[in-house]
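Numbering (the UniProt record's numbering), first residue to last: 1 to 219.
By construction, the Cβ of each residue, glycine as well, lies at the ideal position given by its N, Cα and C atoms.
Right, dumping it as structure tokens:
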């Protein structure tokens, strides 16, 4: 994968670069602020060399508030095919919701602590680059927990809610089956029941079903 990293901490930026290059990915640029991120992506796009994914911090200079997520939303608007994986120190539900407000194809939102879980982080980045979705479990928990459709969620069984949470993280049916130590067929049955109870039609593609669930829960 070809990656651009936007992180104002030089130590973390260099660490991510080393981590990804050691695993065969190409870091084509590393920048320290949102303005530089937008500039480098514009230059790469003009050259017909848009990266597969951008890994960006939510908070970046000069104010360290929301520059990173604002830049990510802008890049998604200008380059819908670009995967964006946002890293945050804490769960910031507003930012996650804003990122998911449009198409969440190729969108990820992870806590920085996940970077230490190298395999899961790299898997999430690759999933986003390939057009999938990768949401931190803690983000999913808050989105589900604060949903204004609790009356609908109340119809789900505890196991179905568990499956729904794993779906929202971007996991496939096979991955859910391994996580819950159940059969693939059992997961398929739970997924079908979830879509039926939420009034959603099941569509092909893991990221599309996640988008449907999250859009419904936060509408």
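Fewer than three beta-carbon pairs drawn from the segment 31-43 and the segment 158-170 are found closer than 8 Å, and the two stretches are therefore not classed as touching. Fewer than three Cβ pairs drawn from the segment 60-75 and the segment 111-131 lie within less than 8 Å of each other, which leaves the two stretches out of contact. Relative to the Cα of residue 156, the nearest Cα in the group 190, 174, 115 and 173 belongs to 190. Spanning the alpha carbons of residue 21 and residue 175 requires a straight line of approximately 26 Å. Residue 55 has 5 and 85 as its beta-bridge partners, per DSSP. The three-state reading of DSSP puts residue 135 in strand, counting E and B together. Taking every protein chain shown into account, the CB of residue 47 has fewer than 16 other CB atoms within 10 angstroms, so this residue is exposed. For residue 68, the closest C-alpha among the options 177, 6, 132 and 141 is that of 6. Per the coordinates, the alpha-carbon of residue 30 lies some 43 Å from the alpha-carbon of residue 158. Residue 16 and residue 36 have their C-alpha atoms roughly 18 Å apart. Straight through space, the alpha carbons of residue 185 and residue 193 are spaced by roughly 12 Å.
Membership of residue 111 in the beta strand (DSSP E) is indicated by the continuous run 107-111. Counting along the chain, residue 29 sits inside no alpha helix (DSSP H); it lies in the beta strand (DSSP E) bounded by residues 26-31. For residue 158, the secondary structure class from DSSP, reduced to helix, strand or coil, is helix.
Assigned with DSSP and collapsed to three states, residue 35 falls in helix. Here the segment 89-96 makes no contact with the segment 126-134; the two share fewer than three CB pairs at distances below 8 Å.
Taking 8 Å as the cut-off, the beta carbon of residue 3 is found closer than this to the beta carbon of residue 27. A residue is called buried when at least 16 other Cβ atoms come within 10 angstroms of its Cβ; residue 80 does not meet this threshold and is exposed. Rounded to whole angstroms, the separation of the alpha carbons of residue 165 and residue 70 is 26 Å.
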